[in-house]
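Visitor: Right, I'll just put the structure down here and ask away after.
2 protein chains.
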Amino acid sequence: MPTYKAPLRDIKFLMNELLGAPEQLGKMPYYAQNETADQDLLEQVLDEAARFVETELVPLNVVGDREGCVRHDDGEVTTPTGFKAAYRKYRDAGWPALDADPAFGGQGMPHLISNVLVEMMNSANVAWSMYPGLSHGAYSALHAVGSQELKDLYLPKLVSGEWTGTMCLTEPHAGTDLGIIRTKASDNGDGTYAITGTKIFISAGEHDMADNILHLVLARLDGSPQGTKGISLFLVPKYIPTADGKPGERNGVICGSLEHKMGINGNATAVLNFDGARGWLVGEINKGMNHMFIMMNAARLGTGLQGLGLGEVAYQNALTYAKDRTQMRHEPRVNPGEQADPIIVHPDVRRMLLTGKAYTEAGRALAMWLALSLDVEHHHTDEKARKEAADLVALLTPIAKAFMTDNGFNIAVQSQQVYGGHGFIKEWGMEQFVRDARIGQIYEGTNGIQALDLLGRKVLMDGGKKLQKLAATLQEFAEEHEGDEHIGDYVNQLGKAAQQLGSLTMVIGQKAMQEGGADEVNAAAVDYLRYFGHVVYGYLWARMAKVAQDRIDAGQDRDGFYLSKVQTAKFYFAKLFPETKALAATIKAGNESIAVDDKAVFGWEKALVGA
Amino acid sequence: MPTYKAPLRDIKFLMNELLGAPEQLGKMPYYAQNETADQDLLEQVLDEAARFVETELVPLNVVGDREGCVRHDDGEVTTPTGFKAAYRKYRDAGWPALDADPAFGGQGMPHLISNVLVEMMNSANVAWSMYPGLSHGAYSALHAVGSQELKDLYLPKLVSGEWTGTMCLTEPHAGTDLGIIRTKASDNGDGTYAITGTKIFISAGEHDMADNILHLVLARLDGSPQGTKGISLFLVPKYIPTADGKPGERNGVICGSLEHKMGINGNATAVLNFDGARGWLVGEINKGMNHMFIMMNAARLGTGLQGLGLGEVAYQNALTYAKDRTQMRHEPRVNPGEQADPIIVHPDVRRMLLTGKAYTEAGRALAMWLALSLDVEHHHTDEKARKEAADLVALLTPIAKAFMTDNGFNIAVQSQQVYGGHGFIKEWGMEQFVRDARIGQIYEGTNGIQALDLLGRKVLMDGGKKLQKLAATLQEFAEEHEGDEHIGDYVNQLGKAAQQLGSLTMVIGQKAMQEGGADEVNAAAVDYLRYFGHVVYGYLWARMAKVAQDRIDAGQDRDGFYLSKVQTAKFYFAKLFPETKALAATIKAGNESIAVDDKAVFGWEKALVGA
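Taken in order, these protein sequences are the chains called A and B.
All residue numbers for the first sequence refer to the UniProt record's numbering, where the first residue is 1 and numbers rise by one.
All residue numbers for the second sequence refer to the UniProt record's numbering, where the first residue is 1 and numbers rise by one.
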């Protein structure tokens, strides 16, 4: 059975030493007022979060996978044994309120902290964590664009955790392509709307853990235009609240079935049938897609954290196994006189472990950097600082989602590989990490869609401004440290790659503007995102190595933590960063080799290209 | 539900046009005598194999996954619904005898043909295919080193398929490290041995499909030396045959339990307890490891074919889905007037599909080349030709196993990705391909072990002779075609990579000979195998493109098949082959960044490296 210990040492290093977060947060009146920027307090909360996660959620992970959820004939759903009780403890401990607005009962803690909580929860139990995770998205959307009336009624319930939320976007024929959804809304003339349609793949869509479920539903209001410009966002509660805020009349939304899935079995993935259900408009008519992106961007970061958390826990267990399992002998021997040495002696096993460690720690640095940037975006007093933070978050969110879930899946697979045949056996638990990690690459916009969002929307559509801003940050760092005895080599590699990223962007942009060049963006996007991800991780590894080396030089490395950072950075640049060499070549190759003759190559009668 | 059509057109292209197999086989007296080299006959057999596989095995694939195998209290095992009946049809049609020796009832067909049958069976149903697959390994070992008495008694039963075989190697504490197995053999003094011990992970280890099961068991005879030099191979039948060759007395081997696995659920992965079971020595005392490698090499190619077959079927289904599923619009529109276009229009979807196609078709070319080489190794009249073929098979077997299963898994994952959210849902069947493909990277020697076998044993230990021979073949091909209008560019890339492979080999070899350099081989092996794999696939793609282009130039491309080959070759060199650039860098980086301080980085108290 897998185990998990929250990586508090690394988290505190990133928070305090890499990001200097308490100091930055302390300068923002919001956190100063709420007294939620104090380093000791932040660390205490992290310690407490770790305890909760390790004690309550870890033991339920396998249970959730084996039992799954059960839908009853009346459409109600029972979650796996222990899920409801753990949620009750989570609620009672006030975790749902952590980073919520004090005006609605929240604790006003920084996103930085809730981000870490979510990472830990995902390491412990992704399927369970998705129930409160979806609530968080619903909270964000309502908080940002809901009417005061809706906010006053619903936000305190989400903040207390009494009620949970969902995101109802996908339909059987419309996944990526939300512009073609068929769910309808009709004005009831009393301030409510009648919602009718079928939504699928609704995570946490029905369950027994909360007293009410608030569905945030994309639908087309009668008479609205076709396409994405005619979509509005509605709040459809499972139970319509009474005047005093209790769950009242049962609404016309019912769980038609649950999906049988490869993984995250403990989460109820529901088909929801809306049959004239009463809904309330959230935000403006026909602005549903914009409003939905408030939830979606949060969900994308949250999905990235699933990749991060699963990578961490898979790595931790592979490391333990590699120290315990003895097989073959190494020269020099580690266990002289015994039959075999621990497999961690074998370089290829170490390579797999270090890959997990290097990707995970860089991913954590990225996630925490973005979470702190969200705090700046929302609460900094300087408008320019807010705008810059918002741009950074916008630019790096698709990387956080796609790069972290791709790496998380690959780490889960490699960590399973460390176990040899035992990795394939359910009882060891490693194969569950692989199955659970797989969905992160698919949902909340496939990783291909993330890549298009990055290259098409975030980079090319604003003429490369966000990219240039980040490149300037990197350039400044590179110039400052290019002669550094320890990180100079990394900084040089990084500087070259950042330059090449710029020139690759230009090449793609130019091709895209040529006649018939529209496909060039789509053809390059996935490789481009991966290249970009390495530039970001390379930057973070160089920075981490610098901070750590300074500690070592000052004689402050008591437990070897800083040496570990320095050596993992070295591994990253030696063994992982060189992937950029292949990516540069495949990006340059463009769409030409992809634009094959459809009939000849794919036997496709409609044939986009070819005879 | 997934579908499958055997890729007969491609198979016949490779057999007849790329390899010229009928002509080569026809020159060998063994096939000439048996009349099994005729092109029409070979094609008929392939057509018949496709029919059997598509009709009988495909429908059972999901059944096997859902039902799994059931062990009863008496240790007997029931296979999933339909498995036994399909096996009966397989037996009755004579498929187990296909490439077996006519002296024991076989049909004397080339390995080339049984190789294709196995690929098809793996596409259709890996779990089912492992029951006869393991028999084949047992047949090979008995045929090669068994006494005439054992051969006369057992081989006809394996050839007819009445009885099946297993390979019993792994023990709870000994997987890769077979030298430390504890299963014992004691001489009974009557020509038999008493075998006692526990074997785990025994595929097809117990089932209800055959009348008897022949376990080939590694054990240490009393008084034999420790390590791999004291291991012998024994045949332990489940039922001891009577004098007239019927299953007789029940032997002391029993299935203690079945594993719960990530995939291949239809195959019974057994814990087998041997309690003084009667066994017969196979081959020589203390030569068990050598004899076992006869089975193991066959099993490694067979495992590679699992990766190949699963890649093929996953690709086929993703292709169908990509043509059917409409989502988003492309300019120019494919479905003008309709809401959306088929997703196959999107370059990133095409990229995923072409990746599957390019790896699969090169893999098939490799597998068939090796299978034909096995035919040459066993049946050519010229000793030099036999030796060269044997060397080629030895060199490329680890690549066929590891590169094909790694690629097969990745294709399954990417093909699942084409389905978006539906790929994660069990009913669509794509996630089963991913789960089933995962084991190929792990068993029959993990892919890390394959890489060590390649670099350490097959390349460095013979001073690079086998590698040089292959390099000469490539060089000759490259020189012949370097100015070719169509494949000249590929050939140049290939020539450079082949040269670099040689220099990388030298670099590793030199490092390995230095003080403390033993870890360098282990550190480089996995990346080296992948680099080598690309050189081999690049060679095969260049050759396929050449044959195809000549057909096109001769006006013989009626159905676009040859154009498809030419364009897929182009994709391969543009988008997949450049991985070699990254691999060259990581290979050169060697062990230095891996030899981290164990205590600091891994918290490992025993510490190989560091304080």
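The beta carbon of each residue, even a glycine, is placed where N, CA and C say it ideally should be.
Under three-state DSSP, which class holds Ser123/A?
Guide: It is helical.
Visitor: Which residues mark the beginning and the end of the alpha helix (DSSP H) in which Ile200/A is found?
Guide: Looking at the DSSP string, Ile200/A is not in any alpha helix (DSSP H); the run it does join, the beta strand (DSSP E), is Tyr193 to Ser203.
Visitor: Should Thr3/B go down as buried or exposed, given a rule of 16 or more other Cβ atoms within 10 Å for buried?
Guide: With fewer than 16 other Cβ atoms within 10 Å, it is exposed.
Visitor: Would you say Ile180/A lies against chain D (beta-carbon separation less than 8 Å)?
Guide: Reference to chain D is not applicable here, since the protein chains of this structure are A and B.
Visitor: Checking contacts by CB at 8 Å: is Ile442/A closer than that to chain B?
Guide: Closer than 8 Å: yes.
Visitor: Strictly by DSSP, which residues pair up with Ala273/A?
Guide: According to the sequence provided, residue 273/A is Asn. The question's Ala does not apply to it. In the DSSP output, where bridge partners are listed per residue, Asn273/A has Thr198/A and Ile254/A.
Visitor: For Thr78/B, name the three-state secondary structure that DSSP assigns.
Guide: If DSSP states are grouped into helix, strand and coil, Thr78/B belongs with the strands.
Visitor: Please decide whether Trp604/B counts as near chain A, where near means a Cβ-Cβ distance under 8 Å.
Guide: Yes, its Cβ sits closer than 8 Å to a Cβ of chain A.
Visitor: Does any C-beta atom of chain B lie closer than 8 Å to the C-beta of Thr176/A?
Guide: Yes, Thr176/A counts as interfacial toward chain B.
Visitor: Quick check on the DSSP output: the alpha helix (DSSP H) that includes Thr473/A runs from which residue to which?
Guide: Thr473/A -> alpha helix (DSSP H) spans Lys465 to His481.
Visitor: From this set, Ser123/B, Gly197/B, Lys151/B and Thr166/B, which residue's C-alpha is nearest Met292/B's C-alpha?
Guide: Ranking the options by Cα distance to Met292/B, first place goes to Thr166/B.
Visitor: Identify whether Leu169/B lies in helix, strand or coil by the three-state DSSP scheme.
Guide: Leu169/B: coil per DSSP, three-state reduction.
Visitor: Decide yes or no for the touch test of the segment 263–274 of chain A against the segment 196–205 of chain A: beta carbon pairs closer than 8 Å, at least 3 of them.
Guide: The segment 263–274 of chain A, when compared against the segment 196–205 of chain A, does touch it at the 8 Å Cβ threshold.
Visitor: Between which residues of its own chain and Pro22/B is the CB-CB distance below 6 Å, once the five residues before and five after are set aside?
Guide: Closer than 6 Å at Cβ, skipping near neighbours: Ala37 and Gln39.
Visitor: Bridge partners of Ile231/B, per DSSP?
Guide: Paired residue(s): Arg220/B.
Visitor: Which residues does DSSP pair with Trp369/B in a beta bridge?
Guide: Trp369/B is not bridged to any residue.
Visitor: Cβ of Thr568/B less than 8 Å from any chain A Cβ?
Guide: Yes, its Cβ sits closer than 8 Å to a Cβ of chain A.
Visitor: Taking the C-alpha atoms as reference points, what is the distance between Thr192/B and Pro59/A?
Guide: Between Thr192/B and Pro59/A, the C-alpha separation is close to 50 Å.
Visitor: Can we say the segment 468–488 of chain B touches the segment 439–446 of chain B, given the rule of at least three CB pairs closer than 8 Å?
Guide: Output reads no: the segment 439–446 of chain B does not touch the segment 468–488 of chain B.
Visitor: Count the other CB atoms within 10 Å of the CB of Asp190/A; is the residue buried (16 or more) or exposed (fewer)?
Guide: By the 10 Å Cβ count, Asp190/A comes out exposed.
Visitor: Taking the alpha carbon of Pro342/B as the reference point, which residue from Leu353/B, Met289/B and Arg329/B has its own alpha carbon closest?
Guide: If we check each option's Cα against that of Pro342/B, Arg329/B comes out closest.
Visitor: Give the DSSP-derived three-state secondary structure of Arg364/B in the structure shown.
Guide: Of the three classes helix, strand and coil, the one that applies to Arg364/B here is helix, per DSSP.
Visitor: How far does the beta strand (DSSP E) with Pro241/B in it reach, from first residue to last?
Guide: Run containing Pro241/B: Tyr239 to Pro241, per the beta strand (DSSP E) assignment.
Visitor: Between which residues of its own chain and Gly537/A is the CB-CB distance below 6 Å, once the five residues before and five after are set aside?
Guide: Per the sequence presented here, residue 537/A reads as Tyr, with Gly not at that position. Taken in chain order, the residues that qualify are Ala362.
Visitor: Kindly list the residues whose CB is nearer than 6 Å to the CB of residue 623/B, restricted to its own chain and excluding five residues on each side of it in sequence; keep chain order.
Guide: The shown model of chain B, from 1 to 611, leaves out residue 623/B, and the question about it has no answer.
Visitor: Indicate whether Leu308/A and Glu67/A have their beta-carbon atoms separated by less than 8 Å.
Guide: No; because the gap between Cβ atoms is not below 8 Å, this pair is not in contact.
Visitor: Using a cut-off of 7 Å between C-beta atoms, extract the partners of Asn591/B located in chain A.
Guide: Correct list: Pro347.
Visitor: Quick one: what's got a C-beta closer than 6 Å to Gln450/B's C-beta in the same chain, skipping five residues either side?
Guide: Result list for Gln450/B: Pro398, Lys401 and Ala402, in chain order.
Visitor: Can the beta-carbon of Asn317/A be found closer than 8 Å to that of Met209/A?
Guide: No, the pair does not count as a contact, with Cβ atoms beyond the cut-off.
Visitor: Let me know the secondary structure DSSP gives Ser186/A once reduced to three states.
Guide: Three-state DSSP puts Ser186/A in a strand.
Visitor: With a CB to CB cut of under 8 Å and the five nearest residues on each side skipped, what residues in its chain are close to Lys151/B?
Guide: Excluding residues within five positions, the ones whose Cβ falls inside 8 Å are Phe104, Leu142 and His143.
Visitor: Might you give, ordered along the chain, the residues of its own chain that have their beta carbon closer than 8 Å to the beta carbon of Val491/A, omitting 5 neighbours on each side?
Guide: Excluding positions up to five away in sequence, the list reads Phe477, Ala478, His481, Glu482, Asp484 and Ala542.
Visitor: Say whether the segment 80–98 of chain A touches the segment 47–63 of chain A, bearing in mind that this needs 3 or more beta-carbon pairs closer than 8 Å, one atom from each stretch.
Guide: As far as the Cβ criterion goes, the segment 80–98 of chain A touches the segment 47–63 of chain A, which means the pair count is three or higher.
Visitor: Thinking just about the alpha-carbon of each residue, which of Trp128/B, Ala127/B, Ala194/B and Leu153/B is nearest to the one in Tyr139/B?
Guide: The option with the nearest alpha carbon to Tyr139/B is Leu153/B.
Visitor: Under 8 Å, do Leu372/B and Leu8/B count as touching if we go by C-beta distance?
Guide: No.
Visitor: Under 7 Å Cβ-Cβ, which residues of chain A neighbour Asn522/B?
Guide: Here the neighbours are His346, Pro347 and Asp348.
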